[in-house]
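Below is one structure, written out as structure tokens, with a few remarks after it.
Number of protein chains: 2
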Amino acid sequence: MRRTVLLLALAVALGGPLHAQHATRIGDAAVATANQLREQALKDDTGWKVVESLTTEVGPRLAGSEADARAVAWAVAKFKELGYDKVWTEPVTFPKWVRRSEHGEVLGRSAQNLVLTALGGSVGGTVEGEVVRFPDLAALQAAPDGSLKGKIAFVDYQMQRKQDGSDYRNGGGIRWGGPSVAIQKGASGFLMRSAGTDTTRSAHTGNTRYAEGLKPIPAAALSTIDAAQLARLVAIGPTRVRLALDCGFDGEYTSQNVIGEITGNARPDEIVLLGGHLDSWDLGTGAIDDGAGVAITMATGALLKPMKPRRSIRVVAFSNEEQGLFGGRAYAEKHAGEVARHVIVSESDFGADRIYQFDSSAAKLQPQAMAQMSSALAPLGIKWMPGAGGPESEMEVMAGLGMAWASLGHDGTKYFDLHHTNEDTLDKIDPQQLAQNVAAYVVFSWLASQADGDFGSAPKPPEAAAH
Amino acid sequence: MRRTVLLLALAVALGGPLHAQHATRIGDAAVATANQLREQALKDDTGWKVVESLTTEVGPRLAGSEADARAVAWAVAKFKELGYDKVWTEPVTFPKWVRRSEHGEVLGRSAQNLVLTALGGSVGGTVEGEVVRFPDLAALQAAPDGSLKGKIAFVDYQMQRKQDGSDYRNGGGIRWGGPSVAIQKGASGFLMRSAGTDTTRSAHTGNTRYAEGLKPIPAAALSTIDAAQLARLVAIGPTRVRLALDCGFDGEYTSQNVIGEITGNARPDEIVLLGGHLDSWDLGTGAIDDGAGVAITMATGALLKPMKPRRSIRVVAFSNEEQGLFGGRAYAEKHAGEVARHVIVSESDFGADRIYQFDSSAAKLQPQAMAQMSSALAPLGIKWMPGAGGPESEMEVMAGLGMAWASLGHDGTKYFDLHHTNEDTLDKIDPQQLAQNVAAYVVFSWLASQADGDFGSAPKPPEAAAH
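If you read the protein sequences in the order shown, they are chains A and B. Counting in our numbering, the first sequence runs from 11 upward without gaps. Counting in our numbering, the second sequence runs from 11 upward without gaps.
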């Protein structure tokens, strides 16, 4: 308390911010180099070559599948090829979920197939029943318990298009929680309109989880077009559907987080942690989710290496993000004692459209350093928007431990057109926008590595970390 | 010969066109009504309701499938519901082709599934082999005979986007003729980049035919994205693919042309023949191909009925166009003796985007009547473009018999994004543009029914009809 008062007095006296005596500063030479690196990165195609290689040569890479091991081998080889100083792996174990086949059809007077895909984590099984349509999750929740006995619940919510992707809260929420609500109402199967903003026949998969104590039912997402078709049929009259999923959990699998490091020139034990996730869903080749994130961060380290950053640049290609942040949690567990050494962390897991906003947990603590970073990012069209971002995917786990985070927010307007579908393929990435993404990560990472001072990483007391 | 000289002399003397004494004229009252019908049709949603009903309640309707019979029953009921004076069916028999399952995958170091679809008429079978890529059909044709022994031929031609769809000549040509060329070169399987202009993972099916005397091989089209992926893999190194198709011919099936007629008030035996085809491929719900054509022409008759047209308006929902114009050929055979009674014919089988051009076989013979029709169509943004159009689909058969034809040409810029794919669904039709299509058919059909005089329909001598 005494210390706080003293600091406050000092800050007021100097007209400077709180914690002024700990202000992290970035030197002019570092800023000048950042400006130069930014322009260089915009002309560089390393990121493009990496994502082309991953999506073509490995292709889809569902966690635990045969392609998981090939993806790990690919990442080890790619880090080495890009000149990383250290490359290693750390094991990640998780339950293996397998999709074998999936089929949906309308029965009777308007018999026709429906394009759908099993939700990740769904049980298999074949069910037939009359479809009961609900416009959203609240309507399903309002149905009396037991009222859907022998029927198939259909939540027909159309996710809204937003630049920050914020309506995934609703779309993803239905996917995550809908099946359990349907079970409580007595349903024998669960269908939802895909959590997507496209109008195509590509169904969006993604993880679900059954609440404890409930007997799981098959759960699938219809393409938005098939959902609209089913809604029209239900409006005409009672409509029966057959849903046949062959999928489910099949033992455990141990994959690897793949880690590459550019060793710091002055402070090798201090780490700027970057990452993306190496796994993808099985329907597409995981270009925007998250081949792009792997490529952006791998390319960042490669472009910084010749500049000899003071701190180490550590890039992690995380294992199995899609089915529950398994790679992130394994990394956090292994490195829980090294929170302060992780000076700042940032993940790219929101596609490859242009980055338009910058935010950090250090916004209030280090306004000067953040202002310097923002100025160097501004020529890329990136705005400093404190409070608008957050730690992405795995970095949420790291932030939970107390690591400072930065967020370089992609424009998500089109992200949910493709997310978790068979259309998540290389052609959806624009090489110019990907280069802008790399340039942003290069600028941020370089300045974070050269900064004199920290960004507030400190272990949280256990009770705080739990929240 | 003498008659021709006389006519020519007369035409020159009068300063009028050839055949001036037979000039077909359209009265002022008919033109005034056409203008009124045009504006009414633009506000009418009959066409939309018909195509919504067909694509929703019947859904996909592959010729010979269970849905074929439901489509016939639907069309009979819909003609009656729309108030047609006479509704009947005429049998159409054809070999039944069945698609049961289809699967493609890259084997080995980059193992991954490929999205593909069997070509209509393909044999089933499972083949594995190294892929040999050819940029176009000419390159495949240039390969030495026998050089593809045990290999899979892959013709990777990217169809070009054109307003008139004219590059279907190349794309469709590969689909039609490619498998036979591949067989001649010794290939055990045939793959092609879909004949489509989209960049999606929807493969385009469509008919193929093996030349006589060749032993058929399984033939499929990759989505354009999967074709690009396979091309990248082949460029990296030898690439083996497994192609497994379960499909083929299975006996004969008898379906029906479904015909509705608004009986002419003054000349009931003279017919303005309109049509679309009732069958679709099985992947989509056949909205633009050709639910739209059925809806546009059905709606046209319904909108003309209250006006009591002088000639009969006959609308045919043709059976099995997709697999070889079976419905059109059956109609032509049955009505071969009534060529002159079919005053003019027109089919809509090129989607539902706006109609932008008008052409007719009567361009030179009846320039005055054509000018009158063109003037009434002009407010719809339709240009008179003699020589630019031709008789569509079934009407090619009718034109071969000597029937005069008109063509109301749709803008085909986007048509081959969807053609023969699972994305050919109701949502791709814009209700406003569909109403414009109906308005165009209403104007044309009304003026054709009211015209004093003919458009040149006359039986061709057998030797001419054969060409």
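Quick reminder that beta carbons are idealized off the backbone N, C-alpha and C, glycines included. Owing to the predicted nature of the structure, the values given are computational and were not obtained by experimental measurement.
- Ranked by Cα distance from M413 of chain A, the options A:A450, A:L390 and A:I281 are led by A:I281.
- By the neighbour-count definition (other C-beta atoms within 10 Å, threshold 16), G247 of chain A is an exposed residue.
- Per the coordinates, the alpha-carbon of G182 of chain A lies some 11 Å from the alpha-carbon of M202 of chain A.
- Within the segment 324-385 of chain B, the complete beta strand (DSSP E) runs of at least 3 residues fall at 352-357 and 365-370.
- The C-alpha of A342 of chain A is placed about 14 Å away from the C-alpha of Q266 of chain A.
- In the structure shown, the three-state DSSP call for S417 of chain B is strand.
- In this model, G419 of chain B and A153 of chain B are separated by some 38 Å (Cα to Cα).
- DSSP places A245 of chain B in the helix class (H, G or I) of the three-state scheme.
- The beta carbon of I235 of chain A falls within 7 Å of a beta carbon belonging to chain B, placing the residue at that interface.
- Taking all protein chains in view, the Cβ of G397 of chain B is surrounded by fewer than 16 other Cβ atoms within 10 Å, so the residue is classified as exposed.
- The continuous stretches of beta strand (DSSP E) do not include I36 of chain B, and DSSP gives it neither H nor E.
- Among the CB atoms of chain A, none fall inside 7 Å of the CB of R171 of chain B.
- Of all residues in the segment 106-127 of chain A, only V116, R119, S120, A121, Q122, N123 and V125 come within less than 9 Å of chain B when Cβ atoms are compared, listed by chain position.
- A373 of chain B and L335 of chain B have their C-alpha atoms some 26 Å from each other.
- A residue is called buried when at least 16 other Cβ atoms come within 10 angstroms of its Cβ; G261 of chain B does not meet this threshold and is exposed.
- Bounds of any alpha helix (DSSP H) do not take in F465 of chain B, whose DSSP letter is neither H nor E.
- Between the segment 67-78 of chain B and the segment 267-286 of chain B, the count of C-beta pairs closer than 8 Å stays below three; the two stretches do not touch.
- Look at the beta carbons and you see the segment 399-415 of chain A not touching the segment 183-190 of chain B: under three pairs across the two are nearer than 8 Å.
- Non-local beta-carbon contacts of Q382 of chain A in its own chain, meaning distances under 7 Å to residues more than five positions away in sequence, involve I36, V41 and L457 in chain order.
- Residue state for K438 of chain A is assigned as helix, using DSSP reduced to three classes.
- Interface with chain B (7 Å Cβ-Cβ cutoff): D78 of chain A is excluded.
- Using beta-carbon distances, T310 of chain A does not count as an interface residue toward chain B, since no partner is under 7 Å.
- In terms of beta-carbon proximity, T435 of chain B lines the interface with chain A, with at least one pair separated by less than 7 Å.
- Taking C-alpha positions only, G422 of chain A is separated from Q173 of chain A by approximately 5 Å.
- The secondary-structure analysis by DSSP pairs L129 of chain B with nothing; it has no beta-bridge partner.
- Within the DSSP secondary-structure output, H287 of chain B pairs in a beta bridge with B:F328.
- When rounded, the separation of the alpha-carbon atoms in K470 of chain B and W394 of chain B is 26 Å.
- With respect to the C-alpha of S233 of chain B, the residue from B:D299, B:F164, B:K195 and B:T218 having the closest C-alpha is B:F164.
- Look at G69 of chain A: its C-beta is under 7 Å from a C-beta on chain B.
- For Q382 of chain B, no chain A residue has a Cβ inside 9 Å of its Cβ, as the nearest lies near 41 Å away.
- The residues G196, in chain order, have a CB closer than 6 Å to that of K159 of chain A in the same chain once the five nearest residues on each side in sequence are set aside.
- Between A213 of chain B and A192 of chain B, the gap from beta carbon to beta carbon reaches 7 Å or more.
- Shown here, Q170 of chain A sits in coil according to DSSP, grouped into three states, outside any helix or strand.
- Its Cα nearest to that of A346 of chain B, the residue B:A468 stands out among B:A468, B:L117, B:T103 and B:A149.
- Counting along the chain, no beta strand (DSSP E) covers P189 of chain A; the unbroken alpha helix (DSSP H) around it starts and ends at Y178 to Q194.
- P226 of chain B carries a coil assignment under DSSP once its states are collapsed to helix, strand and coil.
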